[in-house]
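Novice: Okay, handing you the structure first.
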């Protein structure tokens, strides 16, 4: 039987979606589950996400948020420069830092930065932002195909998988090479729908190819919104969960991706 | 500009940003803060031709360039710009830095079509240095506010979300109020989700005369580079092509010594931070990229 792997992008403390995704991946008979980092931010009670991941034996890698929390840095390293984005990023970071237990912080600081494995005869490389920079945003409309091909060459990979930018997409690069951004479980994709995304990576029956399927995931987003409010997280964050439109961190979006959203 | 005796040297880490100085130093405006003193009469650097752009684009592919930028002078003075953008959008995302006063309907329709048909974004960065004629025109010239805003309206009407770019000519404590006034004005002109980018003033070119240039103490030293994140410096990730060759960065383009060779391959060597303007980059980081820029000293 061919192998399949569930890949989760940024969780952003959305433990409600994570819990649902773990069930969904089990129902789809995933052989293993990887999380590509950014466990905290945005949502409530970061330890709940960390506990879920550890209890289910998920292979977790470090995102920029985890690197910051784990090393006690002063910000999330998202690189926002817009004053409004920075304001919200600060609130979110301070909350997440304070609510992450010291042992969990230590655990975040020790997570690996990349994972490699073979699947369908391909060399698969999992990273957070890009293979060269943990906090690099790779949006579809701002990432040349030749740059992705260069990453494959420089990092000895046929398939590169990342998250970080919050919107799923993939591209065939020719010569059997692929780039896949799996999106995130943490918040919806700025398209006016409330579901979030993850991906299933499978090899074909003959074991000669690897395919990604993007999975839209409905979850109890109202329960998450309620919990965010009881934790006094910004109403702007709650609005995103309830409407599917991003209200903050918009400056990093290239025009094509920005045009799809409301703000 | 005088030079100091020894300078820190910086290696090109990766060529993420490739710039084309398509209009050279020629501009239809004569702004009094222009860091390379562009004007209708400044022929220091001339127009780039389409063939050169095509050659460099082809050379850029194996180097893994991530973004392409078009600047001047005023890029739309170069009639070949639309063709250059169409070609570039086959390679990757493109951005044009414009004053938006030279945007005929035919040209905007053409580049809007190119953007719609491309996988990649085409960003228009429109320079506007005030939220009203009273605040903008003393810097950019009589009547420029209204002309630029007509250009902005036209771009928005054609599906673009231009990035309005302003040089800070106000005090930091006024920043929030100024941003608010920009936002209100842009919304009142039909741009309902404006993107705004703020730049520090570069104390060179015309701006050195308008305010104050760097002093003899403003040099980067090896000591200052210790523990500093060099990726903030443009010269670690950018090069710019002019009709004279490939230069280290857009800020130093008219300085002797910034020309690194005829091809991208020749321009990949280390660069000495031998210019006082390097202080601006050191202090403010990658101000030339599309995301907004805020002064933060912690």
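Chains as they are written, first to last, in the working numbering: chain A, 1 to 263; chain B, 1001 to 1298. C-beta atoms are modelled at their ideal positions from N, C-alpha and C, and glycine is treated no differently. Keep in mind the model is a prediction, meaning the values are calculated, not measured.
(1) Under a three-way DSSP split, which group does residue 1110(B) fall into?
(2) How about residue 90(A): is its C-beta nearer than 8 Å to some C-beta of chain B?
(3) Quick check on residue 22(A): buried or exposed, where buried means 16 or more other Cβ atoms within 10 Å of its Cβ?
(4) If distances are taken between C-alpha atoms only, which option among 10(A), 3(A), 6(A), 53(A) comes closest to residue 184(A)?
(5) Cα separation between residue 1293(B) and residue 229(A)?
(6) Cβ-heavy atom distance between residue 76(A) and the ligand ADP below 7 Å?
(7) May I have a chain-ordered list of the beta strand (DSSP E) segments no shorter than 3 residues that lie completely inside the region 149-176 of chain A?
(8) If distances are taken between C-alpha atoms only, which option among 1153(B), 1090(B), 1142(B), 1113(B) comes closest to residue 1120(B)?
(9) Using a beta-carbon distance below 8 Å, is residue 142(A) in contact with chain B?
(10) Please report the distance separating the alpha-carbon of residue 29(A) from that of residue 4(A).
(11) Would you say the region 1077-1089 of chain B touches the region 1124-1131 of chain B, given that touching needs at least three Cβ pairs under 8 Å?
(12) Which residue comes first and which comes last in the alpha helix (DSSP H) that contains residue 1082(B)?
(13) In three-state DSSP terms, what is residue 1297(B)?
(14) Taking the beta strand (DSSP E) that residue 1149(B) belongs to, which residues open and close that run?
(15) Using the beta-carbon count (16 or more within 10 Å), is residue 1224(B) buried or exposed?
(16) My guess is that residue 1092(B) and residue 1027(B) are in contact by the Cβ rule of under 8 Å, so how many angstroms apart are they, rounded?
(17) Residue 150(A) touches chain C at which residues, Cβ-Cβ below 7 Å?
(18) If you drop the 5 nearest sequence neighbours on each side, which residues of the same chain put their C-beta closer than 8 Å to that of residue 200(A)?
(19) Over what stretch of residues does the alpha helix (DSSP H) that includes residue 1052(B) continue unbroken?
(20) Which bits of chain B does residue 256(A) rub up against, with CB to CB less than 7 Å?
(21) Judging by CA-CA distance, which residue of 132(A), 107(A), 207(A), 116(A) is the nearest neighbour of residue 126(A)?
(22) Short of 6 Å in beta carbon distance, which residues of its chain neighbour residue 1235(B), apart from the five on each side in sequence? Order them along the chain.
(23) Given residue 1014(B), which residues of its chain have a CB within under 7 Å of its CB, disregarding the five upstream and five downstream residues?
(24) Cutting at 7 Å between CB atoms, please list the residues of its own chain near residue 101(A), excluding the five before and the five after it.
(25) Bridge partners of residue 1166(B), per DSSP?
(26) List the residues of chain A whose Cβ lies closer than 9 Å to the Cβ of residue 1055(B), in chain order.
(27) Would you mind reading off the limits of the beta strand (DSSP E) that contains residue 1120(B)?
(28) By the three-class DSSP mapping on this structure, what secondary structure does residue 93(A) have?
(29) Alpha helix (DSSP H) containing residue 69(A): first to last residue?
(30) To the nearest angstrom, how far is the alpha carbon of residue 1285(B) from that of residue 17(A)?
(31) Measure the CB-CB distance between residue 265(A) and residue 152(A) and report whether it falls below 8 Å.
(32) Please report the distance separating the alpha-carbon of residue 63(A) from that of residue 1218(B).
(33) Quick one: what does DSSP say residue 78(A) is sitting in, helix, strand or coil?
(34) How about residue 182(A) and residue 36(A): do their beta carbons lie closer than 8 Å?
(35) Does the beta carbon of residue 1093(B) sit closer than 8 Å to a beta carbon anywhere in chain A?
(36) What does a CB cutoff of less than 8 Å around residue 194(A) pick up in its chain, not counting 5 residues either side in sequence?
Specialist: Taking the coordinates as given:
(1) helix
(2) no
(3) With 16 or more other Cβ atoms inside 10 Å of its own Cβ, residue 22(A) counts as buried.
(4) 10(A)
(5) Here the model assigns residue 1293(B) a pLDDT of 42, short of 50, so the residue's position is not dependable, and the following value carries that caveat. Looking at the backbone, the Cα of residue 1293(B) and that of residue 229(A) are separated by about 32 Å.
(6) Among the ligands in the structure shown, none appear at all, so the ligand ADP cannot be discussed.
(7) 159-162, 169-174
(8) Minimum Cα distance to residue 1120(B) is reached at 1090(B).
(9) yes
(10) Going by C-alpha positions, residue 29(A) is about 8 Å away from residue 4(A).
(11) no
(12) Residue 1082(B) -> alpha helix (DSSP H) spans 1081-1088.
(13) Because the pLDDT at residue 1297(B) is just 26, under 50, the model does not fix this residue reliably, and the point stays unresolved.
(14) Where residue 1149(B) is concerned, there is no enclosing beta strand (DSSP E), although the alpha helix (DSSP H) it sits in stretches over 1144-1157.
(15) Exposed.
(16) The beta-carbon separation of residue 1092(B) and residue 1027(B), rounded to 26 Å, does not stay under the 8 Å limit for a contact.
(17) The structure shown contains no chain C; the protein chains it does contain are A and B.
(18) 4, 5, 6, 7, 25, 28, 30, 212, 213, 215
(19) Counted as a single uninterrupted DSSP element, the alpha helix (DSSP H) harbouring residue 1052(B) occupies residues 1050-1060.
(20) 1121
(21) 116(A)
(22) 1010, 1248, 1249, 1271
(23) Hits under 7 Å: 1064, 1237.
(24) 47
(25) 1198(B)
(26) Going along chain A, no residue has its Cβ under 9 Å from residue 1055(B), so there is no contact; the nearest lies around 16 Å.
(27) That residue, residue 1120(B), is in no beta strand (DSSP E); it is neither H nor E in DSSP.
(28) helix
(29) 64-70
(30) 37 Å
(31) An answer regarding residue 265(A) cannot be provided, because it is not within the stretch 1 to 263 covered by chain A.
(32) 38 Å
(33) coil
(34) yes
(35) Output row for residue 1093(B): interface = yes.
(36) 188, 218, 221, 241, 242, 243, 244
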